[in-house]
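First residue of the sequence shown? That's 8 in the working numbering, and the numbers climb one at a time after it. C-beta atoms are modelled at their ideal positions from N, C-alpha and C, and glycine is treated no differently. Being a predicted model, the structure only gives us computed values, none of them experimental.
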Amino acid sequence: TGLSSANFGVYIGSTVHEVAQAVAAGQAIDGAAMNSALITKLMRVMMLAPVVVLIGWLYQRTQIGTANGPSAAIPWPWFVFGFIAMVTLNSLIDLPAALRHALQVSAQLALILAMTALGLQTRFAALRQAGAKPLILSALLFALLLGGGLVVHQLLY
8 TGLSSANFGV YIGSTVHEVA QAVAAGQAID GAAMNSALIT KLMRVMMLAP VVVLIGWLYQ
68 RTQIGTANGP SAAIPWPWFV FGFIAMVTLN SLIDLPAALR HALQVSAQLA LILAMTALGL
128 QTRFAALRQA GAKPLILSAL LFALLLGGGL VVHQLLY
């Protein structure tokens with residue numbers, strides 16, 4: 008495709024679903040790809056906050072006058088707000104290297120625990136019961152994301 012290492016990192020960050028996966032994929036190329044993949048992915052995460060709030064607000068508006076009534080609260084994306092708060096704090100305060108390292112290790116441990124918990128909740132029987140349709144849909148969406156992401160990336164770069 009003729010992408011530079013940093014540009015390939017942008018492609019990775021804009022198409023890979025999860026932050027840790029984007030980091031790992033970028034790291035498999037080199038440091039420049041990993042850095043641009045991480046920055047791009049984190050920008051996508053930050054853009055989630057207004058979208059999630061808007062969707063919650065629109066959902067609440069559709070519930071007015073229905074059985075759920077207007078008492079349904081907007082589901083605030085606290086994790087996104089926490090992420091934005093940490094980005095702001097990290098940008099304003101220069102943390103000591105030891106504390107920064109401890110926080111990074113803690114974040115990795117939390118991610119490992121979350122992925123382990125997700126794996127413990129998944130059963131092959133449930134996947135078999137769901138049938139082939141979700142697998143086919145996910146394969147189509149995967150191809151669309153990679154192909155569409157590449158087309159958009161080539162148009163922009």
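Original post:
Do the CB positions of Gly155 and Ser21 come within less than 8 angstroms of each other?
Top reply: no
Original post:
What residue range is occupied by the uninterrupted alpha helix (DSSP H) comprising Gly138?
Top reply: Run containing Gly138: none; DSSP gives neither H nor E here.
Subject >> Sequence-distant residues of the same chain with beta carbon closer than 7 angstroms to Ser12, five excluded per side >> reply: Ile36, Asp37, Ala39 and Ala40
Original post:
Is it a yes or a no for the region 57-66 touching the region 17-31, going by three-plus beta-carbon pairs under 8 angstroms?
Top reply: The way I'd put it, the region 57-66 doesn't touch the region 17-31; fewer than three beta-carbon pairs between them come closer than 8 angstroms.
Subject >> Host alpha helix (DSSP H) of His108 (start-end) >> reply: Ala104 to Gln128
Original post:
Taking C-beta to C-beta, are Val87 and Thr47 nearer than 8 angstroms?
Top reply: no
**OP:** Please say whether Val52 and Phe15 have beta carbons closer to each other than 8 angstroms?
**Re:** no
Subject >> Secondary structure of Val94, DSSP reduced to three states >> reply: Helix.
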